[in-house]
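Q:
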Amino acid sequence: MSSTAASAVRSLPVIAALAAGLMGLAILLSLFVAPEDADQGISQRIFYIHVPIALTTYFCFGLGAWKALLLLWRGDERYDLESYVAIHQGTIFGLLTLITGAIWAKASWGVWWTWDSNQLVLFLTLFLFYCAYFMLRFSLEEGARRSRSSAVYALFGVVLIPISFLAIRLAEDFIHPTTFTREGPQMTGTMFTAFCVSWAAVTLLAYVLYRVELTGKRLQSDLRELREALQ
Amino acid sequence: MSYVADVAALTQKDLRVELRARDTLPAMLLFVLATLVVFHFALPEGTGDDAAYGLLWVAIVFTALLGLARAWVPEHEHGVLDGLVLAPCDRSAIWLGKSLATLAFLLAAQAVALPAFVFFFAPLDATAIAGALLADLGICAVGSLMAAMAAAGRARELLLPLLFLPLAIPLVVGGVGAAISPEGGRYLLLLALYDGVFAVLSWASFEYVVTES
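So the sequence lines, in the order shown, correspond to chains U and A.
Following the working numbering, the numbering of the first sequence begins with 1290 at its first residue and continues without gaps.
Following the working numbering, the numbering of the second sequence begins with 137 at its first residue and continues without gaps.
#1: Within a Cβ cutoff of 6 angstroms, which residues of the same chain sit near A/L201, ignoring the five residues on either side of it in sequence?
#2: Sort A/F334, A/E319, A/F175, A/T160 by Cα distance to A/D261 and report the nearest one.
#3: A/L324 and A/A266 look like a contact to me (Cβ under 8 angstroms); what is the Cβ gap, rounded to whole Å?
#4: Verify the CB distance criterion: does U/V1303 have a CB-CB separation below 8 angstroms to chain A?
#5: Thinking C-alpha only, which one of A/L326, A/F177, A/R206, A/D150 is nearest A/T160?
#6: At what residues does the alpha helix (DSSP H) containing U/P1341 begin and finish?
#7: Should U/I1304 and U/V1497 be called a contact, given that it needs their Cβ atoms to be closer than 8 angstroms?
#8: Comparing alpha-carbon positions, which option in U/C1485, U/G1379, U/Y1373 lies nearest U/S1439?
#9: Considering only DSSP beta bridges, list what U/D1326 is partnered with.
#10: Have a look at U/E1325 and U/V1410 and give me their C-alpha separation to the nearest angstrom.
#11: If you run the structure through DSSP and keep just helix, strand and coil, what is U/A1308?
#12: Can you check which of these residues, U/L1508, U/R1299, U/P1302, U/V1322, is closest to U/S1487 by C-alpha distance?
#13: Answer yes if the segment 1358-1369 of chain U comes into contact with the segment 1508-1516 of chain U, meaning at least three C-beta pairs across the two stretches below 8 angstroms, and no otherwise.
#14: Does the Cβ of A/A141 have 16 or more other Cβ atoms within 10 Å, making it buried, or fewer, making it exposed?
#15: Please state if the CB of U/I1381 and the CB of U/I1335 are separated by a distance shorter than 8 angstroms.
#16: In angstroms, rounded to a whole number, what distance separates the CA positions of U/L1417 and A/P302?
#17: Does DSSP classify A/W231 as helix, strand or coil?
#18: From the beta carbon of U/L1344, is the nearest beta carbon of chain A less than 8 angstroms away?
#19: Could you name the residues of the segment 283-306 of chain A whose beta carbon sits closer than 7 angstroms to any beta carbon of chain U, in the order they occur along the chain?
#20: Please return the same chain residues whose Cβ sits closer than 6 angstroms to the Cβ of U/F1463, not counting the five positions on each side in sequence.
#21: I need the DSSP call for A/S317, collapsed to helix, strand or coil.
#22: Taking U/I1452 as the reference, which of A/L281, A/A335, A/L329 has the closest Cα?
#23: Whole angstroms are fine: how far does the CA of A/L232 sit from the CA of A/M282?
#24: What residue from U/E1502, U/Q1378, U/W1401 has the CA that sits closest to U/F1350's CA?
#25: Taking C-beta to C-beta, are A/A271 and A/L169 nearer than 8 angstroms?
#26: Pick helix, strand or coil for U/Q1520, following the three-state DSSP scheme.
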């Protein structure tokens, strides 16, 4: 392991502690400091966790596609694992988004799921798309072809997002609460602060998980190489 | 010009193989008709036409999947793909040739399916047919790339629908929208945008999917 990689591993506990602290602060702010929503009451507080997780999901998928693009562009195999780990984290956060979203929907709309909101349907589409990514990856033999096919598929997902977004706007929907409009966020200052802290905490948490998984996967492959060299 | 000639030769090869073996097209035709008949029993009495249009799109997508699953089988069974990749032509020509051949099969299947749909269920206007044609382009462009990816895997036939269906959802939205919405033109634009974006992406990325290093 190179010295930069070793120092990167050493810095990980510090970032992890920071993520945990920020997460604690986010929970405090969103549960006790932010004012109660006049319309939805206590159930609105799940917003501070649901929306950051959803945004992190998109961010992870975007990162995975960016690493996939770098792989195809530069041909460096290192990006394959980075792309895979980012998408893996994205899928985990995506599942959490679907679960927290369903809880919020039950509390405020009275149903666990609604097909009327294209935003939900398209999030599910993207989630299914990236689940298929793992099927593709595990069906191919390890090697350049697998990493490139996975990269191409990951890139397709990110192109699917804006096309899906257009479809959302095309089929106008009135059900999903639109918190962010062109006139800026429709929140009070404290609410917005709580939201931003939650968002930062979840993003940092995702980054820590990404780094932990990546380090683990790299150690695993280094170990395998060493074993093969010894045999 | 040689790129066009390469694509034409590859398309012709696929069409000729199909004309001689008759593996794919008769199966697609029979499948789409059988699906329409099954849908008659799946739709409860008094269901509106809108539901029938939706089911037509399910039939089209699944028929396309049937053709796409067979698309790269001859290449893989006889090692033709290795030869094609080694041939001194642009690799994307292989994708374009396959997409055009698949498009020909899908259009032939629809030439039967759409009149049969009108006969059994509900009328189709010009916007709905234009939507079907635009969606066909997208299905074949994306589908033949996904089929090439899936063909290299262990679970070929299983993998293709998983890879393709999430990508086909905007096509189904556009196709159904063009058939039932009073503002069908907007859905046609969505389909055209999808076709353009994904055709360029598939064209550019095909090389990475078929080469080993």
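Note that the Cβ used here is the ideal one computed from N, Cα and C, for glycine as well.
A: Checking against the coordinates, here is how it stands:
#1: Residue numbering aside, residue 201 of chain A sits at position 65 when the second sequence is read from its first letter. Around A/L201: P297.
#2: For the purposes of this step, residue 261 of chain A is identified with residue 125 of the second sequence, where counting begins at 1. Cα-wise, what sits closest to A/D261 is A/E319.
#3: One-based indexing of the second sequence puts residue 324 of chain A at position 188. One-based indexing of the second sequence puts residue 266 of chain A at position 130. Between the beta-carbon of A/L324 and that of A/A266 there is about 6 angstroms, and that keeps the pair under the 8 angstroms contact cut.
#4: The residue given as residue 1303 of chain U occupies position 14 in the first sequence. Taking Cβ atoms only, chain A never reaches closer than 8 angstroms to U/V1303, which makes this a no.
#5: Within the second sequence, numbered from 1, the residue matching residue 160 of chain A stands at position 24. Out of A/L326, A/F177, A/R206, A/D150, A/R206 has the C-alpha closest to the C-alpha of A/T160.
#6: Start at 1 with the first residue of the first sequence, and residue 1341 of chain U comes out as number 52. 1336-1363 is the span of the alpha helix (DSSP H), which, as asked, contains U/P1341.
#7: Within the first sequence, residue 1304 of chain U is the residue found at index 15, counting from 1. Within the first sequence, residue 1497 of chain U is the residue found at index 208, counting from 1. Yes, these two residues count as a Cβ contact at 8 angstroms.
#8: Stepping through the first sequence from its first residue, residue 1439 of chain U is reached at position 150. Comparing Cα-Cα distances from U/S1439 to each of U/C1485, U/G1379, U/Y1373, the minimum goes to U/Y1373.
#9: Counting from one through the first sequence, the residue named residue 1326 of chain U turns up at place 37. U/D1326 pairs with U/G1330.
#10: Locating residue 1325 of chain U in the first sequence gives position 36, counting from the first residue. Locating residue 1410 of chain U in the first sequence gives position 121, counting from the first residue. Approximately 29 angstroms between the Cα atoms of the pair.
#11: Translated into the one-based positions of the first sequence, residue 1308 of chain U becomes position 19. Reduced to three states, the DSSP call for U/A1308 is helix.
#12: Looking up residue 1487 of chain U in the first sequence gives position 198. Nearest C-alpha to U/S1487: U/V1322.
#13: These segments do not touch.
#14: Taking the second sequence and counting its residues from 1, one reaches residue 141 of chain A at position 5. The residue is exposed, with fewer than 16 neighbouring Cβ atoms inside 10 Å.
#15: Walking along the first sequence from the start, residue 1335 of chain U turns up at place 46. Walking along the first sequence from the start, residue 1381 of chain U turns up at place 92. In this structure, U/I1381 does not lie closer than 8 angstroms to U/I1335 by Cβ.
#16: Looking up residue 1417 of chain U in the first sequence gives position 128. Looking up residue 302 of chain A in the second sequence gives position 166. Spanning the two alpha carbons is a distance of roughly 7 angstroms.
#17: By 1-based counting over the second sequence, the position of residue 231 of chain A is 95. Note: A/W231 maps to helix in three-state DSSP.
#18: Looking up residue 1344 of chain U in the first sequence gives position 55. No, U/L1344 lies away from the interface with chain A (no Cβ there is under 8 angstroms from its Cβ).
#19: M285, A288, G289, R290, A291, L295, L298, L299, P302, L303, I305, P306
#20: Here residue 1463 of chain U corresponds to residue number 174 of the first sequence, with the count starting at 1. The predicted position of U/F1463 is uncertain, since its pLDDT is 37 and thus under 50; a value taken from the coordinates is nonetheless stated next. Correct list: empty, nothing qualifies.
#21: As a working note, residue 317 of chain A is residue 181 in the second sequence. Of the three classes helix, strand and coil, the one that applies to A/S317 here is coil, per DSSP.
#22: In the first sequence, residue 1452 of chain U corresponds to position 163, counting from 1. Among A/L281, A/A335, A/L329, the Cα nearest to that of U/I1452 belongs to A/L329.
#23: In the second sequence, residue 282 of chain A corresponds to position 146, counting from 1. In the second sequence, residue 232 of chain A corresponds to position 96, counting from 1. Straight-line Cα distance between these residues: approximately 13 angstroms.
#24: Working through the first sequence from its first residue, we reach residue 1350 of chain U at position 61. If we check each option's Cα against that of U/F1350, U/Q1378 comes out closest.
#25: On the second sequence, position 135 is the one that residue 271 of chain A refers to. On the second sequence, position 33 is the one that residue 169 of chain A refers to. It is not a contact, given that the beta carbons lie outside the stated cut-off.
#26: On the first sequence, position 231 is the one that residue 1520 of chain U refers to. Correct three-state label for U/Q1520: coil.
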